[in-house]
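*Asks:* Have a look at the structure that comes next, please.
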Amino acid sequence: MELVIEKCSESPDYAEELSDNVFNSDIVTSHEIRYQFQINVIKTFMSGMEKKGVPVPDAIYDRLGVLMGLPEKEFVERLYLNEEGDKVLAKFSEAINQLSMGTTGLSVWQASCDLANLFRLVPSSEYKRVVELGSGCGVSGMAISKLSNCEVVLTDYDDNVLDLLKKNAVKNGLMSEEDGDTSINQAKIRCLDWCDFDFTEWKEPADLIIAADVVYDTALLASLCSVLRLLLRTAKAAIVACTRRNEASIGCFEHHLKCAKLEIVEYFEYENGEYRTLDDLYYTHPSNFPFFSSLKTPTIFYNIQPKK
Ligand SMILES: C[S@@+](CC[C@H](N)C(=O)[O-])C[C@H]1O[C@@H](n2cnc3c(N)ncnc32)[C@H](O)[C@@H]1O
Numbered sequence: 001m002e003l004v005i006e007k008c009s010e011s012p013d014y015a016e017e018l019s020d021n022v023f024n025s026d027i028v029t030s031h032e033i034r035y036q037f038q039i040n041v042i043k044t045f046m047s048g049m050e051k052k053g054v055p056v057p058d059a060i061y062d063r064l065g066v067l068m069g070l071p072e073k074e075f076v077e078r079l080y081l082n083e084e085g086d087k088v089l090a091k092f093s094e095a096i097n098q099l100s101m102g103t104t105g106l107s108v109w110q111a112s113c114d115l116a117n118l119f120r121l122v123p124s125s126e127y128k129r130v131v132e133l134g135s136g137c138g139v140s141g142m143a144i145s146k147l148s149n150c151e152v153v154l155t156d157y158d159d160n161v162l163d164l165l166k167k168n169a170v171k172n173g174l175m176s177e178e179d180g181d182t183s184i185n186q187a188k189i190r191c192l193d194w195c196d197f198d199f200t201e202w203k204e205p206a207d208l209i210i211a212a213d214v215v216y217d218t219a220l221l222a223s224l225c226s227v228l229r230l231l232l233r234t235a236k237a238a239i240v241a242c243t244r245r246n247e248a249s250i251g252c253f254e255h256h257l258k259c260a261k262l263e264i265v266e267y268f269e270y271e272n273g274e275y276r277t278l279d280d281l282y283y284t285h286p287s288n289f290p291f292f293s294s295l296k297t298p299t300i301f302y303n304i305q306p307k308k
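The sequence shown begins at 1 in my numbering and counts up one residue at a time.
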């Protein structure tokens with residue numbers, strides 16, 4: 001923001017361009033991006049401009065006025081843009097509350113954004129079919145499908161989450177809107193409950209398993225690891241992204257991986273646009289799937305395979 005305000009103070013044209021191409025752009029005004037988020041960004045911009053004594057274009061005041069008159073909706077849209085910021089890469093409906101209708105799956109979590117960003121760094125043609133566990137809004141599964149052009153099977157166990165997944169897959173052009181129309185079928189939605197999984201009935205083999213932010217309830221981790229073990233009979237690897245919230249659940253997950261005869265073959269973390277390995281090797285790669293949270297903690301990535 002400081003850089004943007006600096007540029008506006010150097011050239012009034014820049015502030016006008018910012019108004020047309022960002023605050024009042026078609027991308028922003030034609031989607032239901034959380035109003036409070038837009039209001040906060042505009043207010044921060046205005047207060048920075050005021051401090052520098054730079055006039056704010058009228059169109060930005062007008063936009064703020066419009067936004068302040070709109071009631072916030074229960075479901076909003078989250079957009080991810082290309083590098084140039086002029087095209088929508090992917091978009092997701094999500095609830096504004098992280099816990100909604102009794103589930104955490106109706107809103108997007110940090111780990112899924114960071115996992116999506118990892119696939120931007122390493123899009124792979126090696127994987128033709130991916131299964132995602134505990135998909136929630138489907139950010140990571142749909143991102144890998146779009147970035148690597150592979151099929152994805154998005155799974156969850158909550159009915160409202162499964163409905164939202166379908167809506168988001170249609171929004172992202174990965175599924176036909178009409179039930180029974182299979183003309184667009186890059187994504188499939190399936191109910192998969194870690195605590196009630198019958199592998200003999202499972203008809204969706206894949207070569208990669210992914211999951212984001214599924215390590216939080218220690219009571220579920222034995223079941224989750226057992227599902228991973230079964231799916232890894234056909235898949236080559238599982239990539240699990242976890243938010244480091246508390247050491248107990250991370251330790252418990254690693255313990256259950258061992259019990260399920262699964263091995264962590266690779267481990268690294270991502271924070272503030274930087275990947276870091278256990279040997280302290282760093283790689284800077286700012287995210288195209290940013291996630292803002294008051295909790296400042298890294299995302300851990302595990303590459304998991306069956307023990308040889
Ligand atoms: C914290 S959310 C993460 C959602 C999404 N992966 C993300 O990171 O944005 C956890 C997800 O796991 C799902 N989940 C919880 N228990 C489950 C179970 N027993 N079987 C399948 N999915 C489950 C929830 O419905 C929810 O979608």
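Ideal Cβ placement from N, Cα and C applies to all residues, glycine included.
Please state whether DSSP places LYS188 in a helix, a strand or coil.
*Replies:* Position 188 of the sequence shown, counted from the start, is the residue given in the question as residue 188. Strand.
*Asks:* Go to LEU89, then tell me how far its beta strand (DSSP E) extends in each direction, as first and last residue.
*Replies:* Residue numbering aside, residue 89 sits at position 89 when the sequence shown is read from its first letter. First-last of the beta strand (DSSP E) with LEU89: 88–95.
*Asks:* Is the beta carbon of GLU72 closer than 8 Å to that of ILE96?
*Replies:* Within the sequence shown, residue 96 is the residue found at index 96, counting from 1. Within the sequence shown, residue 72 is the residue found at index 72, counting from 1. Their beta carbons are under 8 Å apart, which means ILE96 touches GLU72 by this criterion.
*Asks:* Buried or exposed for CYS225, going by 16 or more other Cβ atoms inside 10 Å?
*Replies:* What you label residue 225 is simply residue 225 of the sequence shown in a count that begins at 1. Buried is the call here.
*Asks:* In terms of alpha-carbon separation, which member of LEU220, GLU204, VAL240 lies closest to THR234?
*Replies:* Taking the sequence shown and counting its residues from 1, the one referred to as residue 234 is at position 234. With distances taken between Cα atoms, THR234 lies closest to GLU204.
*Asks:* Three or more beta-carbon pairs under 8 Å between the stretch 84–92 and the stretch 53–70, yes or no?
*Replies:* Output reads no: the stretch 53–70 does not touch the stretch 84–92.
*Asks:* At a cut-off of 7 Å, is TRP109 close to ligand 1 when judged by its beta-carbon and the heavy atoms of the ligand?
*Replies:* Mapped onto the sequence shown, residue 109 falls at position 109. True, at least one ligand heavy atom lies under 7 Å from that Cβ.
*Asks:* Going by the C-beta, is ASP62 closer than 7 Å to any heavy atom of ligand 1?
*Replies:* Here the question's residue 62 lines up with position 62 in the sequence shown. No, the beta carbon of ASP62 sits no closer than 7 Å to any heavy atom of ligand 1.
*Asks:* Cutting at 6 Å between CB atoms, please list the residues of its own chain near ASN24, excluding the five before and the five after it.
*Replies:* Position 24 of the sequence shown, counted from the first residue, corresponds to residue 24. So the qualifying residues of the chain are ALA59, ARG63.
*Asks:* Does the Cβ of ASP156 lie closer than 7 Å to at least one heavy atom of ligand 1?
*Replies:* Position 156 of the sequence shown, counted from the start, is the residue given in the question as residue 156. Indeed, a heavy atom of ligand 1 lies less than 7 Å from the Cβ.
*Asks:* Apply the 10 Å Cβ neighbour rule to ILE184 and answer buried if 16 or more other Cβ atoms are within range, or exposed otherwise.
*Replies:* Taking the sequence shown and counting its residues from 1, one reaches residue 184 at position 184. Looking at its Cβ environment, which holds fewer than 16 other Cβ atoms inside 10 Å, ILE184 is exposed.
*Asks:* Consider the C-beta atom of VAL214 and the heavy atoms of ligand 1; say whether any pair is separated by less than 7 Å.
*Replies:* Here residue 214 refers to the residue found at position 214 of the sequence shown. Correct: VAL214 has its Cβ closer than 7 Å to ligand 1.
*Asks:* Helix, strand or coil: how does DSSP classify CYS225 here?
*Replies:* Here residue 225 is taken as the residue at index 225 of the sequence shown, counted from 1. Helix at CYS225.
*Asks:* Identify every run of the beta strand (DSSP E) within the stretch 3–88, keeping only runs that are complete inside it and at least 3 residues long; order them along the chain.
*Replies:* The qualifying runs are 75–81.
*Asks:* Verify whether the separation of the beta carbon atoms of VAL227 and LEU115 is less than 8 Å.
*Replies:* In the sequence shown, the residue the question calls residue 227 occupies position 227. In the sequence shown, the residue the question calls residue 115 occupies position 115. No.
*Asks:* Can SER135 be considered in contact with ligand 1, in the sense that its beta carbon sits closer than 7 Å to one or more heavy atoms?
*Replies:* The residue you call residue 135 lines up with position 135 of the sequence shown. Yes - ligand 1 has a heavy atom lying nearer than 7 Å to the Cβ of SER135.
*Asks:* On the CB-based measure, 16 or more other CB atoms within 10 Å of its CB, does CYS242 come out buried or exposed?
*Replies:* Within the sequence shown, residue 242 is the residue found at index 242, counting from 1. Looking at its Cβ environment, which holds 16 or more other Cβ atoms inside 10 Å, CYS242 is buried.
*Asks:* At which residues does the alpha helix (DSSP H) containing ARG120 begin and terminate?
*Replies:* Indexing the sequence shown from 1 puts residue 120 at position 120. Unbroken alpha helix (DSSP H) run through ARG120: 110–121.
*Asks:* Measuring straight from C-alpha to C-alpha, what distance separates LEU257 and TYR267?
*Replies:* By 1-based counting over the sequence shown, the position of residue 257 is 257. By 1-based counting over the sequence shown, the position of residue 267 is 267. Taking the straight line joining both Cα atoms gives about 14 Å.
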